[in-house]
Structures are given as structure tokens and as C-alpha cells.
Amino acid sequence: MRLTPRDNRFFELLTQAATNLVTGAKLLSELVAAPPGERGPIAARMHEIENAGDDVTHEIMLTLNTSFITPFDRQDIGILAARLDDVLDEMDEAADLAVLYQIGDFPPGVEKLVELLCRAADLTAGAMPGLRKVTELAPFWREANSIEDEADGVYRRLLAYLFNNGADPLTVLKTKEVIDRLESAADSFEHVADVVQTIAVKES
Amino acid sequence: MRLTPRDNRFFELLTQAATNLVTGAKLLSELVAAPPGERGPIAARMHEIENAGDDVTHEIMLTLNTSFITPFDRQDIGILAARLDDVLDEMDEAADLAVLYQIGDFPPGVEKLVELLCRAADLTAGAMPGLRKVTELAPFWREANSIEDEADGVYRRLLAYLFNNGADPLTVLKTKEVIDRLESAADSFEHVADVVQTIAVKES
Amino acid sequence: MRLTPRDNRFFELLTQAATNLVTGAKLLSELVAAPPGERGPIAARMHEIENAGDDVTHEIMLTLNTSFITPFDRQDIGILAARLDDVLDEMDEAADLAVLYQIGDFPPGVEKLVELLCRAADLTAGAMPGLRKVTELAPFWREANSIEDEADGVYRRLLAYLFNNGADPLTVLKTKEVIDRLESAADSFEHVADVVQTIAVKES
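Residue numbers (my numbering), protein chains in the order written: chain A, 1483 to 1686; chain B, 1483 to 1686; chain C, 1483 to 1686.
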């Protein structure tokens, strides 16, 4: 099977979408390490990345409408692009809400959750060029699942700490909103991996 | 390609489902404008609409099992009907919870969120007959996405107000439950548009 | 149409996955009836079941990659396995969070919600062997939808009680987290039924 220049364009665009997730995850690391008063500009940069991500998703969708792609089901490319976009949306929401809700200090463990998002982003960006041989990407979706499992454990322990350490209820509620978006971003990375696995099942 | 009377029946039923959303959104407008003590009968009317919506969905599903449809994938009609049904479910839940949790005054901005639901409902009802030429519905899904974006911004600002204006934590929690359902309804409208776009990608 | 030994293996594995849900639902019944201090070992047994469930899901996915199945779409088996796995994940999360968040007494009505999960699990386990004649499973998905409707009503009334009976806000928040997972498990049972219905639509 020969790939056409058009096909290569899709792999490039999907890789670009995943590279935006690497940038987004790094911005989240900066944001949770920053003093509350310095988070605004970081959230603003995140929002620029989110807009750039929307442009990439839009270009993928437009190109889909006019191309024949080897060897994929056209719809699967669309779904994969949408799942990558979900991750960036969650990251952007987390950053926006941290500023909007005037969150103070984050409970210990948030930086661990964000570190897992950084790992998931690197992993995903590294896997996108491998879509050319999708059946060989099993190590990617296995590792993505394992990172999500770990994130889930970190998330639950974070909330247990938050609930049981004497913060006032509204602070708990607001902080939980932000942490929930980080956990959703971890989930969304797993959904990206699920789509890749689904494509591989079709190809195998 | 010629449409059969059977096909026309599907377009009629989907339009009817979307028309129920217009009624549902109007009832939400009434509900958030009404004094707390007068919301019960409005929620009861919403529940009647929701039951009527279930009947329409059920008829679509039954007819699907016995028909060949031009030009659609049978499953896509089922998914579209299910997504329309989701919107009405969210609207009904929002109304039910507002009464059940004995919500007092809503924070300012709720009426703006409900107005966006009204716009999304009108837009969707207007688009359903256009499914006959689904590839020409791009303005529909673009506008649906833009309304969802706006709803998302209104939602976040609503919560920021709610969190930072001295309401007691349980009132915040209960009010947030209702507002979350309104935001979910806005999301579900976008999912309707996503299904339409997916169908159009297949047709193009 | 003749089923192969391979096909029978899939029906066995899906039945095994659903049988784990029966065990999980029973453990939830024990957990909500147990005094707070005795929930740890029950949650630990739930986690073992959840691990066993992951192994079954994994075996289904591996076998999918190497088989031709009569009469199903390979992807649909994968989706069904994933939806069954979701239910067990929600059950495991509910049990884990009850212990982790040190929930005290549950509000009245939780045992009713768990009883509905037991009914949904029995129903689902009974339906899996019937996948061989999937178009005859309409009573299954209708009953699954009806259980979910009932669970939804119980859930809303549970929260109304929780909100309006003077518990402190953090207790409300923590208890709601656990109850939300039980409601999600009820939803996930309905999603299992939805996948079965989707398969039946294709076959009909």
C-alpha cells in the first residue's frame, strides 16, 4: 500500500494537534507552580494554544471533506481529531477556571496529576507519526491506559486530601472544579488511544 | 436520488423531535423568570413534553427496524434521534431539580444561558427539514458550535459569580446542579450538530 | 448461519463479564449495609473483581484482533465489552470513594439505588447468552431502560434529601460523589443495552 501526499498531510496535521497538547501540558505545569496572582498570563497563552488547536482541527475536517485517504476510514480520522481537540479543551478550561474562580494554593498532588498529563502528551505526540503502521501502536495504547490508571489514583487521593483537611466548603468546591478538568484531560488522552486501537482492530 | 414516503416520515419525525426542543426551551425561560413558588406547574408541563419526546424517539426507532432509508445509514438516524432526545432529557432534569431542590433566586446570567438554549432549539428545528440535502447544512453546525461556545462562556461566568458572591455552600451546590443541566443541554445541542456533520462527511 | 467455536468463546467471555457485574452489585449491597468501619475489606474484594473484569475485557480485545466472528461486526463486540467494563469501573470507584472519603451513614434511599443495580446486573447477565439471537433481545433493552428511569428518579430524590436535611456541606459533597458513581453505574447498564439494540438494528 502506497501513501499519497494527501495522506501524509493528515499525519502531519494530527501530529501538529498532538504537539499542541505537549505545549498545553507544559503550560499547566507552569500554572500550578505559579503564585495565584501570576496565573492570568499563563491561562491567556493556553487560550491561544487552544485557538491554534481549533484551527488544526478545522483544517483536518475541511480536508476530510475533499479527500480519499489511504488506508483509513475517513470518519476515524475525524473522530481522532475530535478526541485530540477534547484534550486541549479540558486543559484550557482547567486554566481558565483556576483564574476565574480565584483558586489559591492547590492541594499537594496536583503537580503529580499535571506531570502525568505531560507524559501522556509526549506519548501521544510520539505516536501520531506511527499511525502509518497503526497495528504496531499497541505499546502506545497500553501505556496511555496505564497513565490514565495512575492519574485516576492520584485524582482520588487528591480529592480525599481536599475533603478531609479542613478547607472551607466553597474552596473545596472551586478547587474540585479545576482538578476535575485535569482528570477529564487524562481521560480524554485515553479516549485518543481508544480511537487508535479501534482503527488498528479494523486494520488487523 | 428519489426520496420515498418512508424517508419523508423520518424527516417529519426528526423535525417533530426538534420542535419539542423549542417548546422545552421556552418552558425553561418561563421557569427561570417565575417566582420559586410558581415553578412546579411549569416543570410538570416540561415533563409532559419530555414524555411526548420519548414517544417520538420510540416511533423513530421502531420505524428504523422495518425500513430502508434513502440516502442515510440507518444507524445514523438512530443516533440523531438519540442525541435530540438527550437535549430534552437535560431540559427536563434542570426543571425537575429546580423544583425538587427548592432553588430560590437564580444568579444573574441564567436567563442568558436559557436564551442561548432557545436560539439553539430554533436553529435545530429549522435545520431538520434540510437533512434532505445534508451537505448544505454546514451553516447549521457552524452556528450550533458558535452558540455552544457562547453558552460555555456564560456558564463559567455564572459559576464564578455563584462561587464568589457569598451564597452559602449548600445553596451554591444545589444551584450548580441545575445550571450544570442547562450547560449539558447546550452541549447536547452541539452533539446533535456533530452527528449531522458526520452524516454530511459520509455523503460528501 | 452457523456459529463457530470461536464465536461461542465470545459469548462465554461476554457472559463472564456480565457475571462479574452481578458479583459487583452484590458487594455494593454489602457495602452500603455495613457499618462505616467495616467497608474497607468489601471495597478490597470489589477491586479484585474489577481486576478480574479487566482481564476478561483484555482477553476479548486480544481475541478480536485474531478472529473472524459470525455474525457480528467485530467493532461492536469491542464496544460491548468496553461498556460492560465501564459498569464495573463505576462500581469499583463508588466502593473505593466510600472508604477513601470516610463516608459515614448513607442517606435513606441508597440501598434502593443499589438494589436497582443488582436487578440491572441480573438482567444483563441473563441477556448475554441471548446475543446469539440478538433481534429477540428487545425485552432486555426495554427492561434495562425502565430500570435506568427508576434509578434516575431514586437518585434525584436521594440528592434532594441529602441537600435539604441539614448535613454539613462537605459531608453532602463527599456523599454525593459516591452516589454519583452509583447513578453512573445505572447509566452504564443502559449504555450496554443501547449497544445491544444497535447491533440488533444492524441485524434486522
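Where a beta carbon is used, it is the ideal one built from N, C-alpha and C, also for glycine.
Output, in chain order, the set of chain A residues within a Cβ distance shorter than 7 Å of residue i.
i	result
residue 1467 of chain C	In the structure as shown, chain C starts at 1483 and stops at 1686, and residue 1467 of chain C therefore has no counterpart that could be examined.
Quick one: which chain C residues come within Cβ less than 9 Å of residue i?
i	result
residue 1654 of chain A	1651, 1652, 1655
Against residue i, what residues of chain B qualify as contacts under a CB-to-CB distance less than 8 Å, listed in chain order?
i	result
residue 1557 of chain A	1680, 1683, 1684
residue 1560 of chain A	1680, 1683
For the putative contact between residue i and residue j, defined by C-beta atoms under 8 Å, what is the C-beta separation to the nearest angstrom?
i	j	result
residue 1654 of chain C	residue 1644 of chain C	6 Å
residue 1539 of chain A	residue 1571 of chain A	Wrong, their Cβ atoms sit about 10 Å apart, outside the cutoff.
residue 1670 of chain A	residue 1569 of chain A	4 Å
residue 1609 of chain B	residue 1598 of chain B	Going by Cβ atoms, the distance from residue 1609 of chain B to residue 1598 of chain B rounds to 16 Å, so no, they are not a contact pair.
residue 1626 of chain A	residue 1672 of chain A	6 Å
residue 1562 of chain A	residue 1496 of chain A	6 Å
residue 1534 of chain A	residue 1502 of chain A	6 Å
residue 1549 of chain C	residue 1638 of chain C	43 Å between Cβ atoms; not a contact.
residue 1623 of chain C	residue 1564 of chain C	That pair is no contact at about 17 Å.
residue 1537 of chain B	residue 1684 of chain B	Going by Cβ atoms, the distance from residue 1537 of chain B to residue 1684 of chain B rounds to 29 Å, so no, they are not a contact pair.
residue 1582 of chain B	residue 1642 of chain C	5 Å
Going by C-alpha distance, which of the options is nearest residue i?
i	options	result
residue 1606 of chain B	B/1531, B/1668, B/1518	B/1668
residue 1617 of chain A	A/1569, A/1602, A/1679	A/1679
residue 1482 of chain A	A/1635, A/1577, A/1662	The shown model of chain A, from 1483 to 1686, leaves out residue 1482 of chain A, and the question about it has no answer.
residue 1546 of chain A	A/1684, A/1536, A/1557	A/1557
residue 1513 of chain B	B/1487, B/1580, B/1498	B/1580
residue 1596 of chain A	A/1535, A/1656, A/1662, A/1649	A/1662
residue 1650 of chain C	C/1627, C/1591, C/1586, C/1683	C/1586
residue 1492 of chain B	B/1560, B/1589, B/1623	B/1560
residue 1476 of chain A	A/1537, A/1498, A/1573	This structure gives no information on residue 1476 of chain A, because the portion of chain A shown stretches from 1483 to 1686.
residue 1584 of chain A	B/1487, B/1647, B/1541, B/1519	B/1647
residue 1601 of chain A	A/1488, A/1486, A/1506	A/1506
residue 1515 of chain B	B/1588, B/1683, B/1555	B/1588
residue 1604 of chain A	A/1536, A/1544, A/1629	A/1629
residue 1508 of chain B	B/1594, B/1631, B/1640, B/1636	B/1594
residue 1632 of chain A	A/1591, A/1486, A/1500	A/1591
residue 1634 of chain B	B/1677, B/1543, B/1666, B/1614	B/1666
residue 1614 of chain C	C/1621, C/1519, C/1682	C/1682
residue 1486 of chain B	B/1517, B/1636, B/1641, B/1551	B/1551
residue 1528 of chain B	B/1510, B/1520, B/1542	B/1510
residue 1575 of chain B	B/1524, B/1640, B/1544	B/1524
residue 1686 of chain C	B/1652, B/1543, B/1621, B/1520	B/1543
residue 1640 of chain C	B/1640, B/1656, B/1520	B/1656
Would you mind telling me which residues of chain B sit closer than 7 Å to residue i, beta carbon to beta carbon, in chain order?
i	result
residue 1642 of chain C	1582, 1583
Answer yes or no: does any C-beta atom of chain D fall closer than 9 Å to that of residue i?
i	result
residue 1676 of chain C	Within the model displayed, chain D is absent; protein chains A, B and C are what it includes.
Inset, instruction - Mind checking the stretch 1503-1519 of chain B against chain C and listing, in chain order, the residues whose C-beta falls within less than 7 Å of any C-beta there? - result: none
Legend entry - Cβ-based contacts, 7 Å cut-off: residues of the stretch 1615-1639 of chain C near chain B: 1638
Legend entry - chain A contacts made by the stretch 1577-1607 of chain C, where a contact means CB separation under 8 Å: 1578, 1579, 1582, 1583, 1584
Inset, instruction - Could you list the residues in the stretch 1525-1549 of chain C with a C-beta less than 7 Å from some C-beta on chain A, going in chain order? - result: 1546, 1547
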